[in-house]
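K.L.:
Just passing along the structure, written as structure tokens.
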Amino acid sequence: MDGTGLKAFLNRLRRLFTVSGDSPELVQAQFRAFCKQMPTLYFILTVSTLSVSYTFSSRAPLWLSVYLPMAMCLVCVGRFLWWIRAGKTPVSDDVALLHLKHTNVLASLLSAGLTCWGLNLYGYGDDPAQGHVIFYMALTVIGCIFCLMHLRSAAIAVTLIVIVPYIVFLMAEGGPTERAIAINLGLVCMAMISVLLTHYRDFKELIASRRDLTAKQVETQALSNENFRIANLDALTGLPNRRRFFHDADAAFAAAEANGRAMAIGVIDLDGFKPVNDTFGHAAGDRVLVEAAERFQSAVVEAGPVAATVYRLGGDEFGLVVQGDLAEGVLEDLGRRLTGTTARPFAAGGAYAQMACSIGFALWPQSGANAESLFECADYALYHAKRHLRGQTVLFSAEHQAEILNQSVVERSLQAADLGTELSLVYQPMIDLRSGATVGFEALARWDSPVLGRMAPGVFIPVAERTGLIGTVTRALLEKALREARTWPEALALSFNLSAHDICAAEGVVRLIAIVNASGIDPRRIDFEITETAMAADFERARQSVIALKALGCQVSLDDFGTGYSSLSYVHRLPLDRIKVDRSFVADLDSNPASRKIVKSLTSLCLDFGLTSVIEGVETEAQLGALSGLNGDLAQGYLFARPMPAGDIPGYLAGEALPRVAHGA
Ligand code: C2E
Ligand code: MG
Ligand code: MG
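Letter by letter, the sequence shown follows residues 1 to 665 of the working numbering.
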């Protein structure tokens with residue numbers, strides 16, 4: 001063997017007899033195994049030593065047969081107790097390693113001591129007593145190998161320290177039987193050491209694989225924590241997202257129910273966001289959303305006695321989960337604080353956009369049987385705010401509950417209705433303000449429900465939209481309107497109202513075009529009315545639909561103009577023919593100069609853009625009088641005629657001398 005070979009061999013030998021602290025997991029596992037096995041080892045040693053001591057007590061000197069083994073037994077009992085106690089408290093990696101090293105040394109010292117003791121006693125015994133010593137040594141070694149299996153260095157050291165001197169001694173001093181025993185013992189010990197080495201390797205590998213598994217588990221856990229975080233976060237605003245909202249709402253509801261405390265859910269919707277998005281582009285829209293999120297967040301941080309969290313539910317809709325002392329007025333205060341944050345203009349693509357926000361709150365236990373229904377109540381309150389109290393906060397109330405109940409009756413009846421026979425149309429004439437002549441009729445839907453009686457479109461159209469029935473309703477109505485309009489004089493136009501869904505759904509408009517084509521009516525006689533709300537739902541789709549209807553030859557009007565948010569942007573970006581000025585501006589036309597100014601500017605706008613203006617809701621002579629000089633083109637209203645059934649139209653047209661309009665232009 002050359003120098004390096006010898007060095008490597010010595011290194012291996014050293015490793016074989018030292019305790020390695022390379023793997024803290026292995027050290028801990030060894031220590032834990034020892035806590036269980038070492039008491040057994042010391043028990044075997046103590047019992048065996050006492051038994052040999054007894055055999056030799058009358059043959060050998062007392063110091064050798066009694067005192068010395070007693071001292072060694074005391075050490076064993078001490079260690080026995082120490083290991084039992086050590087098993088009860090966890091120790092650090094360093095301390096465990098130190099104990100293993102001590103055990104390594106102590107095991108070697110103890111085995112050396114016992115071996116010397118046994119060899120010294122041997123000479124004092126007769127054959128059976130010497131046999132006892134040999135039996136004692138063999139038993140002790142096998143017991144030690146088993147108990148020290150998890151600490152290879154100690155097991156091998158003990159085996160060698162005991163067995164080598166014994167074999168040498170028996171081979172030198174003993175007769176043939178003793179030599180045979182020595183050879184037997186040597187071979188058995190070699191076999192045991194080979195088993196020990198295999199076991200120790202397996203043990204080490206097991207611990208290493210467990211460590212890898214734990215590391216993998218930790219890594220997987222970390223990954224899944226990160227995934228969880230991302231999956232629950234809104235990428236744009238950094239707020240917790242819709243998924244998180246429902247999760248937290250459920251948890252808050254369960255907690256509120258468990259300890260009988262109130263909780264609330266809120267839904268915030270930005271008023272006027274869609275036009276900002278349409279006009280300034282999506283990047284500007286995104287910036288507005290981020291800013292709105294920040295403002296809402298700072299508003300809830302200062303929310304006093306309540307803990308509120310803001311979530312982004314999607315689009316321009318935000319959610320709130322509110323817990324804490326929800327005494328009367330607290331939600332209203334929180335709502336005011338939140339709506340107040342939108343008072344300052346938002347930076348949007350180099351310009352500034354003025355927006356507002358409407359909020360709906362629902363409070364448990366007053367409303368909602370679970371988090372989901374509480375959310376629906378809050379959503380309804382928001383819907384209410386958007387329709388009647390824009391830019392304000394509405395708390396879901398018992399009246400809202402009654403309304404919902406009504407709506408669900410409407411919904412059920414509509415779903416069960418025979419739309420072909422129950423739906424009908426009434427027609428309201430449109431008058432040329434200059435000539436006073438009727439130029440066409442607007443078709444207005446009616447539903448004669450066998451359960452609920454006659455229903456106005458303001459009630460059942462939103463329900464049809466919500467339940468997805470609107471497509472069927474619109475097609476049935478359009479077919480009917482076109483059939484009836486065919487009987488009118490050629491010069492009269494038909495105005496027909498479309499809902500958002502009709503122009504935003506992918507194939508909605510295609511089916512309408514097919515109906516127009518099949519009717520045989522000249523498309524130029526048909527005027528489709530769309531509202532700003534419909535445009536806001538999905539402007540690009542709506543624009544495509546408008547273009548398709550125009551390509552067919554139909555006209556398109558923007559209905560209820562002035563009630564929405566970005567009227568001007570739509571006028572500018574859509575190929576419109578008419579604008580219908582909402583009747584809210586006409587109501588006080590004769591008494592309010594501001595209304596007069598608004599109507600005047602709207603008719604001028606139409607003039608500038610080459611559009612026809614239609615003034616809706618003219619009810620009185622005074623209003624008609626106030627319209628003079630305002631340059632309106634057409635008008636509609638109870639003053640001229642209320643909506644009438646198709647059967648009344650011929651009579652109306654026959655008696656159509658309308659002296660009232662003479663001074664209206
Ligand atoms: P709109 O298109 O603005 O129709 C005008 C509404 O004002 C009609 O109410 C009409 O009866 C009413 N009106 C007309 N003149 C006067 C007046 O001088 N004073 C007052 N106070 N009201 C007047 P109606 O029939 O209840 O329709 C309400 C809304 O329902 C319509 O508003 C339209 O947006 C929608 N709608 C009507 N029919 C249909 C339809 O077939 N499809 C769709 N999608 N919506 C429809
Ligand atoms: Mg209309
Ligand atoms: Mg209208």
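Heads up, the beta-carbon is just placed ideally off N, CA and C, and yes, glycines get one too. This structure is a prediction, so every number in the text was calculated from the model and none was measured.
Measuring straight from C-alpha to C-alpha, what distance separates ILE163 and ALA215?
P.N.:
Within the sequence shown, the letter at position 163 stands for residue 163. Within the sequence shown, the letter at position 215 stands for residue 215. Spanning the two alpha carbons is a distance of roughly 42 angstroms.
K.L.:
What distance in whole Å lies between the Cβ atoms of ASP93 and PRO24, which are believed to be in contact at a cut-off of 8 angstroms?
P.N.:
Residue 24 sits at position 24 when you count from the first residue of the sequence shown. Residue 93 sits at position 93 when you count from the first residue of the sequence shown. Confirmed, Cβ separation roughly 4 angstroms.
K.L.:
When you compare only the Cα positions, how much space is there between ALA129 and SER108?
P.N.:
As a working note, residue 129 is residue 129 in the sequence shown. As a working note, residue 108 is residue 108 in the sequence shown. Those two C-alpha atoms are separated by around 25 angstroms.
K.L.:
Cβ of LEU196 within 9 angstroms of Cβ of ALA155?
P.N.:
The sequence position of residue 196 within the sequence shown is 196, counting from 1. The sequence position of residue 155 within the sequence shown is 155, counting from 1. Yes, the Cβ-Cβ distance between LEU196 and ALA155 is below 9 angstroms.
K.L.:
Could you check if GLU529 belongs to the surroundings of ligand 3, using beta carbon to heavy atom distance under 8 angstroms?
P.N.:
Your numbering for residue 529 matches position 529 in the sequence shown. True, at least one ligand heavy atom lies under 8 angstroms from that Cβ.
K.L.:
Please return the same chain residues whose Cβ sits closer than 8 angstroms to the Cβ of GLU479, not counting the five positions on each side in sequence.
P.N.:
What you label residue 479 is simply residue 479 of the sequence shown in a count that begins at 1. Counting only Cβ-Cβ distances below 8 angstroms, and skipping sequence neighbours, we find ILE515 and SER519.
K.L.:
Quick one: is the Cβ of GLU532 within less than 8 angstroms of any heavy atom of ligand 3?
P.N.:
Reading the sequence shown from its first residue, position 532 is the one you call residue 532. Incorrect: GLU532 has no Cβ contact closer than 8 angstroms to ligand 3.
K.L.:
Report all residues from its chain with a CB closer than 7 angstroms to the CB of PHE203; omit the five preceding and five following residues, and keep chain order.
P.N.:
Here residue 203 refers to the residue found at position 203 of the sequence shown. Closer than 7 angstroms at the Cβ level, and outside the excluded window around PHE203, lie HIS150.
K.L.:
Which residue comes first and which comes last in the beta strand (DSSP E) that contains ASP448?
P.N.:
Locating residue 448 in the sequence shown gives position 448, counting from the first residue. Looking at the DSSP string, the run of the beta strand (DSSP E) that includes ASP448 is 438-449.
K.L.:
Name the residue from ALA491, THR487, ASN517 and VAL463 whose alpha carbon lies nearest to the alpha carbon of HIS501.
P.N.:
By one-based count along the sequence shown, residue 501 stands at place 501. That would be VAL463, whose Cα lies nearest to the Cα of HIS501.
K.L.:
At 3 residues or longer, what runs of the beta strand (DSSP E) sit wholly inside the segment 125-170?
P.N.:
Runs of the beta strand (DSSP E) inside the segment 125-170: none found.
K.L.:
Checking 9 angstroms against the spacing of the C-beta atoms, do GLY471 and GLY508 come in under that value?
P.N.:
The count along the sequence shown starts at 1 and reaches residue 471 at position 471. The count along the sequence shown starts at 1 and reaches residue 508 at position 508. Yes, these two residues count as a Cβ contact at 9 angstroms.
K.L.:
Under the rule that 16 or more other beta-carbon atoms within 10 Å means buried, what is GLU532, buried or exposed?
P.N.:
Indexing the sequence shown from 1 puts residue 532 at position 532. Buried: at least 16 other Cβ atoms inside 10 Å.
K.L.:
Got a list of residues with beta-carbon closer than 6 angstroms to any non-hydrogen atom of ligand 3, in chain order?
P.N.:
Listed by chain position, these are ASP559, ASP560, LYS580 and GLU616.
K.L.:
Can you look up GLN636 in the DSSP assignment and give me helix, strand or coil?
P.N.:
Translated into positions along the sequence shown, residue 636 becomes position 636. In this structure, GLN636 counts as coil in the three-state DSSP scheme.
K.L.:
Give a yes or no on whether the minimum CB-CB distance between GLU25 and chain B is below 9 angstroms.
P.N.:
Annotation note: the requested chain B is absent from the structure, which comprises a single protein chain.
K.L.:
Could you please give the first and the last residue of the uninterrupted beta strand (DSSP E) stretch that includes PHE680?
P.N.:
With the chain represented from 1 up to 665, any question about residue 680 goes unanswered, as that position is not in the structure.
K.L.:
Cα-Cα, which of THR438, ARG434, ASN225 and PHE460 is closest to LEU444?
P.N.:
As a position in the sequence shown, residue 444 is number 444, starting the count at 1. Comparing Cα positions, the closest option is PHE460.
K.L.:
Might you give, ordered along the chain, the residues of its own chain that have their beta carbon closer than 6 angstroms to the beta carbon of ARG179, omitting 5 neighbours on each side?
P.N.:
For this step, residue 179 is matched to residue 179 along the sequence shown. Answer for ARG179: MET171, listed in chain order.
K.L.:
Using a Cβ-Cβ cutoff of less than 6 angstroms, which residues in the same chain neighbour GLY324 once the five nearest sequence positions on both sides are dropped?
P.N.:
Translated into positions along the sequence shown, residue 324 becomes position 324. The residues are PRO305, VAL306 and ALA307.
K.L.:
Say the cut is 8 angstroms; is the CB of ASN232 nearer than that to a heavy atom of ligand 2?
P.N.:
Taking the first residue of the sequence shown as 1, we reach residue 232 at position 232. False, no ligand heavy atom lies under 8 angstroms from that Cβ.
K.L.:
Can you tell me whether GLU442 sits near ligand 2, meaning its C-beta is under 8 angstroms from at least one heavy atom of the ligand?
P.N.:
The sequence position of residue 442 within the sequence shown is 442, counting from 1. GLU442: yes, Cβ under 8 angstroms from ligand 2.
K.L.:
Please confirm whether any heavy atom of ligand 2 lies closer than 8 angstroms to the CB of SER604.
P.N.:
Taking the first residue of the sequence shown as 1, we reach residue 604 at position 604. No, the Cβ of SER604 stays beyond 8 angstroms of every heavy atom of ligand 2.
K.L.:
Consult DSSP for ARG660 and reduce its assignment to one of helix, strand or coil.
P.N.:
Here residue 660 refers to the residue found at position 660 of the sequence shown. Only weak support exists for where ARG660 lies, its pLDDT of 44 falling under 50; the coordinates are left without a value.
K.L.:
Taking the alpha-carbon positions, what's the GLU226 to LEU270 distance?
P.N.:
Position 226 of the sequence shown, counting from 1, holds the residue named residue 226. Position 270 of the sequence shown, counting from 1, holds the residue named residue 270. Rounded to whole angstroms, GLU226 to LEU270 spans 31 angstroms at the Cα level.
K.L.:
If you compare alpha carbons, which of GLN401, ALA347 and GLY391 is closest to SER373?
P.N.:
Position 373 of the sequence shown, counted from the first residue, corresponds to residue 373. When each option's Cα is compared against that of SER373, the closest is GLN401.
K.L.:
Report the residue from LEU576, THR237, LEU624 and ILE161 whose alpha carbon sits nearest the alpha carbon of ASP608.
P.N.:
On the sequence shown, position 608 is the one that residue 608 refers to. Checked all of LEU576, THR237, LEU624 and ILE161; the closest Cα to ASP608 is LEU576.
K.L.:
Are ILE521 and LEU552 closer than 9 angstroms when you measure CB to CB?
P.N.:
Along the sequence shown, one-based indexing puts residue 521 at 521. Along the sequence shown, one-based indexing puts residue 552 at 552. The answer is no: Cβ separation not under 9 angstroms.
K.L.:
What residues are listed by DSSP as bridge partners for GLN323?
P.N.:
On the sequence shown, residue 323 is found 323 positions in, with the first residue counted as 1. Beta-bridge pairing links GLN323 to MET263 and ALA307.
K.L.:
If you count every other CB in all the chains shown that lies within 10 Å of the CB of GLU302, and 16 or more means buried, which is it?
P.N.:
Against the sequence shown, residue 302 aligns to sequence position 302. It is exposed - the Cβ of GLU302 has fewer than 16 other Cβ atoms within 10 Å.
K.L.:
Look at THR563 and ASP582 and say whether their C-beta atoms are less than 9 angstroms apart.
P.N.:
Looking up residue 563 in the sequence shown gives position 563. Looking up residue 582 in the sequence shown gives position 582. Yes; because the gap between Cβ atoms is below 9 angstroms, this pair is in contact.
K.L.:
Using CA atoms only, rank isn't needed, just tell me which of LEU419, VAL618 and GLN623 is closest to GLN636.
P.N.:
Start at 1 with the first residue of the sequence shown, and residue 636 comes out as number 636. Nearest of LEU419, VAL618 and GLN623 to GLN636, Cα basis: VAL618.
K.L.:
Could you tell me if the beta carbon of PHE585 falls within a distance shorter than 8 angstroms of some heavy atom in ligand 1?
P.N.:
Your numbering for residue 585 matches position 585 in the sequence shown. For ligand 1, not one heavy atom lies less than 8 angstroms from the Cβ of PHE585.
K.L.:
With a 10 Å radius around its C-beta and 16 neighbouring C-beta atoms as the bar for buried, classify SER209 as buried or exposed.
P.N.:
Within the sequence shown, the letter at position 209 stands for residue 209. Per the 10 Å Cβ criterion, exposed.
K.L.:
Just the C-alpha distance for ARG79 and PHE228, rounded to the nearest angstrom, thanks.
P.N.:
Along the sequence shown, one-based indexing puts residue 79 at 79. Along the sequence shown, one-based indexing puts residue 228 at 228. For ARG79 and PHE228, the distance between alpha carbons rounds to 51 angstroms.
K.L.:
Are the beta-carbon atoms of LEU653 and TRP447 separated by less than 9 angstroms?
P.N.:
By one-based count along the sequence shown, residue 653 stands at place 653. By one-based count along the sequence shown, residue 447 stands at place 447. No, the pair does not count as a contact, with Cβ atoms beyond the cut-off.
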